[in-house]
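These protein sequence lines are chains A and B, in that order.
Everything in the first sequence is counted per our numbering, starting at 2 for the first residue and increasing by one.
Everything in the second sequence is counted per our numbering, starting at 75 for the first residue and increasing by one.
Heads up, the beta-carbon is just placed ideally off N, CA and C, and yes, glycines get one too.
Reviewing the structure listed below.
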Amino acid sequence: MVNAVIHTEHLTKRFGDFVAVDGLTFSVDAGEIFGFLGANGAGKTTAIRMLTGLLSPSSGTALVAGFDLYTQSEQIKRNIGYMSQRFSLYDDLTVKENIRFFGGIYGLSDKAIKEKTALLLENLDLLHAADARLLSLPLGWKQKLAFSVAILHEPKIVFLDEPTGGVDPVTRRRFWDMIYEASERGVTIFVTTHYMDEAEYCDRLSIMVDGRVAALDTPEAMKRTYAAESMNEVFLHLARAKPAE
Amino acid sequence: MSAAVFTEGVERKFGRVSALEGITFSVRAGELFGFIGADGAGKSTLFRILVTLLLADQGTVEVLGLDAVRSYREIRRRAGYMPGRFSLYQDLSVEENLRFFATIFGTSIEENYELIGDIYTQLEPFKNRRAGKLSGGMKQKLALCCALVHKPEVLFLDEPTTGVDAVSRMEFWQMLGRLKEQGITILVSTPYMDEAVLCDRVAFMQEGRILAIDTPSAITKLFQKPLFAIRARETGRLITLLRSSPNAHSVYAFGRAVHYTDNRSAIRPEELLDALHKEGFTEIEVQRIEAGIEDTFMALMETKNGAAHG
Chain A
2 MVNAVIHTEH LTKRFGDFVA VDGLTFSVDA GEIFGFLGAN GAGKTTAIRM
52 LTGLLSPSSG TALVAGFDLY TQSEQIKRNI GYMSQRFSLY DDLTVKENIR
102 FFGGIYGLSD KAIKEKTALL LENLDLLHAA DARLLSLPLG WKQKLAFSVA
152 ILHEPKIVFL DEPTGGVDPV TRRRFWDMIY EASERGVTIF VTTHYMDEAE
202 YCDRLSIMVD GRVAALDTPE AMKRTYAAES MNEVFLHLAR AKPAE
Chain B
75 MSAAVFTEGV ERKFGRVSAL EGITFSVRAG ELFGFIGADG AGKSTLFRIL
125 VTLLLADQGT VEVLGLDAVR SYREIRRRAG YMPGRFSLYQ DLSVEENLRF
175 FATIFGTSIE ENYELIGDIY TQLEPFKNRR AGKLSGGMKQ KLALCCALVH
225 KPEVLFLDEP TTGVDAVSRM EFWQMLGRLK EQGITILVST PYMDEAVLCD
275 RVAFMQEGRI LAIDTPSAIT KLFQKPLFAI RARETGRLIT LLRSSPNAHS
325 VYAFGRAVHY TDNRSAIRPE ELLDALHKEG FTEIEVQRIE AGIEDTFMAL
375 METKNGAAHG
């Protein structure tokens with residue numbers, strides 16, 4: 002528990018009579034790749050909005066990056082990264098401008114932004130495209146850049162909300178290479194996906210059903226528990242058990 | 075025999091960007107035909123041209139034997155379209171939306187209930203709920219009902235399952251199967267490779283072009299090299315090592331396994347196993363496997379992009 006980057010106990014969110022997240026209790030260790038799965042409407046988005054300090058819980062406790070969700074949401078925001086397929090970078094800014102903009106948002110100094118920009122362009126092999134508008138870049142490059150920008154301020158944990166939705170299978174795999182690299186550098190990864198093969202790349206997984214954690218384990222152990230060949234089978238078995246709506 | 079949908083040499087540019095190049099295909103009446111490709115492959119542009127909402131710069135487009143430019147009115151009457159972005163009225167209720175679309179096409183929910191009944195019964199408990207307040211899976215079902223309410227002969231579904239979870243995706247494809255049984259021709263686009271096997275035939279799309287068209291089982295025959303599924307204890311190190319090998323042709327993660335092709339044509343699984351053993355790997359399994367849809371798609375992408383992307 003000493004090493005936990007996220008630790009929640011009975012975390013709950015109610016909207017009127019509706020309990021969107023119902024007593025969420027789990028821990029994510031430092032450097033772990035943690036997959037957060039669930040059907041549409043299972044409460045994933047509400048849970049992520051709480052964990053990133055955007056929504057206050059109705060009850061329960063949670064520490065994210067060592068900070069309290071109720072009283073320290075600003076510190077949490079400074080110590081996490083966030084990326085989703087829907088919202089990432091600005092298409093009509095150049096590569097360099099995007100890095101500068103998000104560096105500024107994360108409170109980095111001009112000097113740090115300059116250094117980071119040079120390093121990032123070099124590492125991503127994007128030097129030639131530094132002044133190109135994002136719009137003109139292939140999706141795969143944009144995605145790499147979006148991920149790099151999300152961890153520009155060296156957060157303890159990065160939240161990836163369906164980062165690979167709609168991308169081609171090669172780009173999808175390259176993206177996971179980056180996730181592995183970041184995880185090896187000690188960044189904790191909290192990721193949601195609808196691709197069940199990607200679930201198998203995670204160290205541990207939780208599957209939410211109707212606002213609760215229905216299963217939490219390593220992919221291998223889950224497959225053993227449900228005598229399933231693949232995570233897809235496990236997911237269908239758990240998520241199907243719920244009544245329609 | 076005339077095709078339900080037919081195109082030849084369709085091109086479309088947006089400014090200097092070419093969205094579609096040389097799109098030629100034909101879909102038979104009653105077929106369930108899939109366009110598989112990532113965001114930006116040109117699927118939505120193609121669908122908008124097929125449903126007469128966008129003009130092609132060049133090429134022929136025929137839907138139900140009708141020219142897409144001259145006979146656009148008749149095509150619109152006889153085709154159903156579910157756009158990629160949810161485009162029903164958020165502040166009308168489920169029932170109001172459906173009635174609205176029925177009225178526009180000069181029909182009623184009751185008249186064509188037979189066709190939509192199967193799907194609409196799942197929505198009926200929420201018929202007074204506003205469309206904007208529905209869950210993702212329910213919105214998708216309502217959109218499908220609205221596209222079906224005028225009993226179209228051909229149905230165009232643009233990425234109906236994007237962002238939808240595995241359970242709802244499976245249910246959606248079961249609904250498509252039942253519509254097909256009623257004789258409706260269905261063209262559907264998707265970024266999910268695993269949905270390809272549910273189609274009668276598929277077209278792989280990448281960067282505005284069609285890479286291949288065939289039945290799901292025939293299309294995987296385009297994969298030419300012997301393919302191996304390799305498993306070992308440390309998957310991460312396994313991938314790194316295989317990639318650095320000069321003999322490696324392609325190395326892709328597939329869940330806990332790695333799909334691997336070798337530049338040496340006569341390579342045997344035992345040789346790979348030995349080599350990995352010498353590198354200190356344990357619990358190694360090397361299996362010769364048949365290529366799947368995703369393997370084939372990636373191989374065709376590589377061929378098209380050349381070796382530049384490795």
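Start-end ranges of the alpha helix (DSSP H) lying completely within the stretch 138 to 210 of chain B, minimum 4 residues: 146 to 152, 168 to 178 and 187 to 197
Mind listing the chain A neighbours of residue 236 of chain B? Cutoff is C-beta to C-beta under 8 Å, in chain order. 166 and 167
Give the residues from the stretch 355 to 383 of chain B that approach chain A closer than 7 Å (Cβ to any Cβ), ordered along the chain. 368, 371, 372 and 375
Enclosing alpha helix (DSSP H) for residue 76 of chain A [first to last residue]: 74 to 79
Does chain A have any CB closer than 8 Å to the CB of residue 85 of chain B? no
The beta strand (DSSP E) with residue 325 of chain B in it runs from where to where? 322 to 328
State the DSSP-derived secondary structure class of residue 375 of chain B, mapped to helix, strand or coil. helix
Go ahead and label residue 320 of chain B buried or exposed: buried means 16 or more other beta carbons lie within 10 angstroms of its beta carbon, across all protein chains shown. With a 10 Å radius around the Cβ and a threshold of 16 neighbouring Cβ atoms, residue 320 of chain B comes out exposed.
Cα separation between residue 235 of chain A and residue 245 of chain B? 17 Å
Under 8 Å between the Cβ atoms of residue 133 of chain B and residue 89 of chain B? no
Would you give the residue range spanned by the beta strand (DSSP E) that residue 231 of chain B belongs to? Per DSSP, residue 231 of chain B belongs to the beta strand (DSSP E) from 228 to 232.
In the DSSP assignment, find the alpha helix (DSSP H) that holds residue 149 of chain A and state where it starts and stops. 140 to 151
Going by beta carbon distance, what residues of the same chain come within less than 8 Å of residue 214 of chain A, once the five residues before and after it are set aside? 25, 26, 27, 207 and 208
How many angstroms separate the CA atom of residue 165 of chain A from the CA atom of residue 204 of chain B? 30 Å
Checking contacts by CB at 8 Å: is residue 246 of chain A closer than that to chain B? With a pLDDT of 43 at residue 246 of chain A, under the threshold of 50, the predicted position of this residue should be treated as unreliable, and no value is reported.
Let me check you understand the geometry: is the CB of residue 5 of chain A closer than 7 Å to at least one non-hydrogen atom of the ligand SAM? Ligands in the displayed structure: none, and consequently the ligand SAM is not present.
Cα-Cα separation between residue 17 of chain A and residue 59 of chain A, rounded to whole angstroms: The C-alpha of residue 17 of chain A lies about 11 Å from the C-alpha of residue 59 of chain A.
Using the beta-carbon count (16 or more within 10 Å), is residue 333 of chain B buried or exposed? Under a 10 Å Cβ-count criterion, residue 333 of chain B is classified as buried, with 16 or more other Cβ atoms of the shown protein chains found around its own Cβ.
Helix, strand or coil, according to DSSP, for residue 159 of chain A in the structure here? strand
Mind listing which residues of the stretch 179 to 205 of chain A have their C-beta closer than 9 Å to chain B's C-betas, in chain order? Interface annotation for the stretch 179 to 205 of chain A against chain B: 181, 185, 195, 196, 197, 198, 199, 200, 201 and 202, criterion Cβ-Cβ distance under 9 Å.
Would residue 346 of chain B and residue 360 of chain B qualify as a contact pair, given that the criterion is a beta-carbon distance under 8 Å? Yes, the Cβ-Cβ distance between residue 346 of chain B and residue 360 of chain B is below 8 Å.
Excluding sequence positions up to five away, which residues of its chain have a Cβ less than 8 Å from the Cβ of residue 128 of chain B? 86, 119 and 122
Using the three-state DSSP reduction, which class does residue 298 of chain B fall into: helix, strand or coil? coil
So residue 267 of chain B contacts chain E; which residues on that side make the cut at Cβ distance below 7 Å? This model lacks chain E altogether, as its protein chains are A and B.
Any C-beta of chain A under 8 Å from that of residue 169 of chain B: no
Of all Cβ atoms in chain A, is any one closer than 8 Å to the Cβ of residue 89 of chain B? no
Would you report the Cα separation of residue 194 of chain A and residue 107 of chain A, rounded to the nearest angstrom? 26 Å
Residues of the stretch 289 to 313 of chain B in Cβ contact with chain A at a cutoff of 7 Å, in chain order, please. 310
For residue 121 of chain A, which residues from the same chain have a beta carbon less than 7 Å from its beta carbon, with the 5 sequence-adjacent residues on both sides left out? These residues qualify, in order along the chain: 100 and 149.
When you compare the CB of residue 194 of chain B with every CB in chain A, is at least one pair closer than 8 Å? At a cut-off of 8 Å between C-beta atoms, residue 194 of chain B does not count as an interface residue with respect to chain A.
Length-filtered (3 minimum) beta strand (DSSP E) runs lying within the stretch 89 to 125 of chain B: 91 to 101 and 106 to 110
Would you kindly work out how many angstroms separate the C-alpha atoms of residue 199 of chain B and residue 192 of chain B, rounded to a whole number? Near 13 Å, if we compare the C-alpha coordinates of residue 192 of chain B and residue 199 of chain B.
Between which residues of its own chain and residue 283 of chain B is the CB-CB distance below 6 Å, once the five residues before and five after are set aside? 95
Within the 8 Å Cβ cut-off, does residue 322 of chain B reach chain A? no
Boundaries (first-last residue) of the beta strand (DSSP E) holding residue 366 of chain B: No beta strand (DSSP E) contains residue 366 of chain B, which DSSP labels as neither H nor E.
Quick check on residue 66 of chain A - is its C-beta less than 8 Å from some C-beta in chain B? no
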